[in-house]
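My numbering numbers the first residue of the sequence shown as 19 and each following residue consecutively. Data block below; observations after.
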Amino acid sequence: MKVTASSESLGTLDVDAIAVVVYEGEQAGDLVSIDEMTGGLVGQLLELGEIEGKLHEVTSVPLADGAAAGRLIVVGGGKRDEFDLVKARNVAGVAARQLSKRNITRAALWLRSELDAGGACQFAAEGAVIGPFDLGTYKKKENESRSLEELTVHESDERVEDARAGVERGAIIGEAVNLARRLANEPGNLLPPRVLADEAVKVAGRYGLHVEVLDESQLADMGAGLILGVSLGSAEPPRMIVLTHNGRGEGPPDLALVGKAVTFDTGGISIKPSRGMEEMKMDMSGGAATIAAMSAIAQLNPKINVIGVVPAVENMPSDRAIRPGDVLTAMNGKTVEVLNTDAEGRLILGDAVVHAQKLGAKRIVDAATLTGAVIIALGNHNSAVLGGPQEWVDQVMASGRKAGDRVWQLPIDEEYGEQLKSPIADMSNVGGRAAGTITGAYFIKNFIEDDVSWAHLDIAGTAWTEGESAYLTKGATGVPTRNFVQLALDLAE
Ligand code: BES
Ligand code: MN
Ligand code: ZN
Numbered sequence: 019m020k021v022t023a024s025s026e027s028l029g030t031l032d033v034d035a036i037a038v039v040v041y042e043g044e045q046a047g048d049l050v051s052i053d054e055m056t057g058g059l060v061g062q063l064l065e066l067g068e069i070e071g072k073l074h075e076v077t078s079v080p081l082a083d084g085a086a087a088g089r090l091i092v093v094g095g096g097k098r099d100e101f102d103l104v105k106a107r108n109v110a111g112v113a114a115r116q117l118s119k120r121n122i123t124r125a126a127l128w129l130r131s132e133l134d135a136g137g138a139c140q141f142a143a144e145g146a147v148i149g150p151f152d153l154g155t156y157k158k159k160e161n162e163s164r165s166l167e168e169l170t171v172h173e174s175d176e177r178v179e180d181a182r183a184g185v186e187r188g189a190i191i192g193e194a195v196n197l198a199r200r201l202a203n204e205p206g207n208l209l210p211p212r213v214l215a216d217e218a219v220k221v222a223g224r225y226g227l228h229v230e231v232l233d234e235s236q237l238a239d240m241g242a243g244l245i246l247g248v249s250l251g252s253a254e255p256p257r258m259i260v261l262t263h264n265g266r267g268e269g270p271p272d273l274a275l276v277g278k279a280v281t282f283d284t285g286g287i288s289i290k291p292s293r294g295m296e297e298m299k300m301d302m303s304g305g306a307a308t309i310a311a312m313s314a315i316a317q318l319n320p321k322i323n324v325i326g327v328v329p330a331v332e333n334m335p336s337d338r339a340i341r342p343g344d345v346l347t348a349m350n351g352k353t354v355e356v357l358n359t360d361a362e363g364r365l366i367l368g369d370a371v372v373h374a375q376k377l378g379a380k381r382i383v384d385a386a387t388l389t390g391a392v393i394i395a396l397g398n399h400n401s402a403v404l405g406g407p408q409e410w411v412d413q414v415m416a417s418g419r420k421a422g423d424r425v426w427q428l429p430i431d432e433e434y435g436e437q438l439k440s441p442i443a444d445m446s447n448v449g450g451r452a453a454g455t456i457t458g459a460y461f462i463k464n465f466i467e468d469d470v471s472w473a474h475l476d477i478a479g480t481a482w483t484e485g486e487s488a489y490l491t492k493g494a495t496g497v498p499t500r501n502f503v504q505l506a507l508d509l510a511e
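So this is what it looks like as structure tokens:
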């Protein structure tokens, strides 16, 4: 979608529809120019209480002759003093979805907000790009409906310069979030590790990232026994994708993003119940967000070096699969007793963070749909963050807050590590029912060197949404693409 900002009068803009935000308690007098464009209709609807301005309320109103656009969509913004950047994003998402539903391809949006123009327009552009995202990719009948292609965000003359910078950044981030969603929604048979790697190579080519794809023999040479072990049961070979953005020039990474990509998680020999197993096609959401964030980072070009490391496997049961009780040796020589083959994410991440550290990373953040337990702890609205030192966790929480990608910290005291003790290996891969999200994170911590800052995001509750909302289609959410991008931008400052 092409998003631009303009201060040209809405009455003369060459678009098919105008979306305008109305806040609670507003009257015709607050919206003179809009009211005139509708020949007084908007004023009457406000008077009658048909338009209340409640958050996400939608009213379609015809425009009077003389306006270049054919119709007006009034979107409620809620209470003006509670309107913030995340609401700007969601309201723009609602507007863009409603416009797309009406097959409108070119439209204008007027937020009428007093928020900082750069931020509000960034979030609005993001929402507008994300809102109309369509799932119906594999329907036999060609999808005939059209979706919004061009959006002009209207701002005053004084604000339009900031608005331009904002929409440019927002559109890039929004497209990255959609890329993560598209990848994570993809069925397991159509997106095995090989194909995910091909997608990463395409992204790298398009945006000028350096990319390396390590195949099974290279992984064997490196001694990546955890990744190889997990993928043994699958006919699909594993891959490790490494994307590099050198915004500072040659040299070690200032930041490593690491994302779990289990392209399908059956559980392996410790097989999952069949009910709801289809959702496990999204078990590569962390990897998808990593690739997507790298695509946005390449375009926004922060002056730091960032690597994205994505271990990709399929977790399958078969006669070649690892069994409960098997012992694997990781890339750093540590041994793991695999008590449950369904705790596979932490295994592949163990090797992946070792690889990131071999590449020189001293700051790591990983994202993984790691534990069902995090859904019990935090539900669907916050990802869990765990790690250390605290300053690094604070920074990841701050970037999440700034990007509207919510995270909440859980503790990771040393005592939890004892739950992973094994009588025969350096550690086991499960720590019992208690504190499942913490012991999952602790397993990865066992592969982090003392001088390395590390934060782990458990996104099992946030990467997928069952219900469709006013501004988001059901399925993959793209979490934590936005946080990753914001973190890279913040570190470059
Ligand atoms: N991919 C799952 C976690 C998951 C659960 C993601 C629900 C999204 C929604 C992960 O590989 C897994 O199976 N975890 C196990 C760990 C257990 C065996 C220690 C779990 O959470 O049950
Ligand atoms: Mn699993
Ligand atoms: Zn998994």
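No residue lacks a Cβ here, since even glycine has one placed at the ideal position from N, Cα and C.
Does the beta-carbon of residue i have 16 or more other beta-carbons within 10 angstroms, so that it is buried, or is it exposed?
i, result
"S12", "No answer is possible for residue 12: the residues shown for the chain start at 19 and end at 511."
"E173", "buried"
"P80", "exposed"
"D369", "buried"
"E204", "buried"
"Q375", "buried"
"H373", "buried"
"P210", "buried"
"L208", "exposed"
"N121", "exposed"
"V50", "exposed"
"A460", "Looking at the sequence itself, residue 460 is Tyr, so the reference to Ala does not match. Its Cβ being crowded by 16 or more others within 10 Å, Y460 is buried."
"R293", "exposed"
"T308", "buried"
"A274", "buried"
"D53", "buried"
"G479", "buried"
"E254", "buried"
Go ahead and pull the three-state DSSP assignment for residue i.
i, result
"T480", "coil"
"I91", "strand"
"I190", "helix"
"T359", "coil"
"H4", "Here the chain has residues from 19 to 511 only, and residue 4 is not among them."
"N333", "strand"
"G184", "helix"
"V497", "coil"
"G326", "strand"
"S24", "strand"
"F282", "strand"
"V38", "strand"
"S401", "strand"
"V354", "strand"
Which residues in the same chain as residue i place their Cβ atom closer than 7 Å to its Cβ, once the five residues preceding and following it in sequence are excluded?
i, result
"N358", "S288, P342, N447 and V448"
"Y489", "N108, G111, V112, R115, G145 and G149"
"D360", "G285, G286, S288 and K290"
"Q317", "I190 and Y225"
Are residue i and residue j touching if we call contact CB-CB under 8 Å?
i, j, result
"V93", "V39", "yes"
"F151", "R212", "no"
"M300", "L227", "no"
"I91", "A46", "no"
"I322", "D272", "yes"
"S25", "D175", "yes"
"P329", "L377", "no"
"D283", "E362", "yes"
"G285", "A339", "no"
"A481", "T389", "no"
"M349", "M240", "yes"
"I259", "A218", "yes"
"I466", "L404", "no"
"G435", "V425", "no"
"A379", "I430", "no"
"L214", "T281", "yes"
In its own chain, which residues sit with a C-beta less than 8 Å from the C-beta of residue i, not counting the 5 before and 5 after it?
i, result
"A238", "L246"
"A427", "For clarity, residue 427 is Gln in the given sequence; the question names Ala instead. Cβ neighbours of Q427 beyond the five flanking positions: A402, V403, L404, V411 and M415."
"L66", "none"
"E70", "E42 and G94"
Give every residue of the same chain whose Cβ lies closer than 6 Å to the Cβ of residue i, excluding the five residues on either side of it in the sequence, and list them in chain order.
i, result
"E144", "R107, G188, I191 and G192"
"G184", "G136, C139 and Q140"
"P320", "G265, A506, L507 and A510"
"K119", "none"
"R130", "V39"
"L59", "V79"
Exercise for review: Just list the alpha helix (DSSP H) runs in the segment 204-279, keeping only unbroken ones of 4 residues or longer that don't cross its boundaries, in chain order.
Suggested key: The qualifying runs are 211-225, 234-240 and 243-249.
Check your understanding: Which runs of the alpha helix (DSSP H), 4 residues or longer, sit entirely within the segment 404-477?
Key -> Segments of the alpha helix (DSSP H) lying fully in the segment 404-477: 408-421 and 454-463.
Exercise for review: Write down every uninterrupted run of the alpha helix (DSSP H) in the segment 64-123 whose length is 4 residues or greater and which is fully enclosed by it, in chain order.
Suggested key: Along the length of the segment 64-123, whole alpha helix (DSSP H) runs at least 4 residues long occupy 103-119, reported in chain order.
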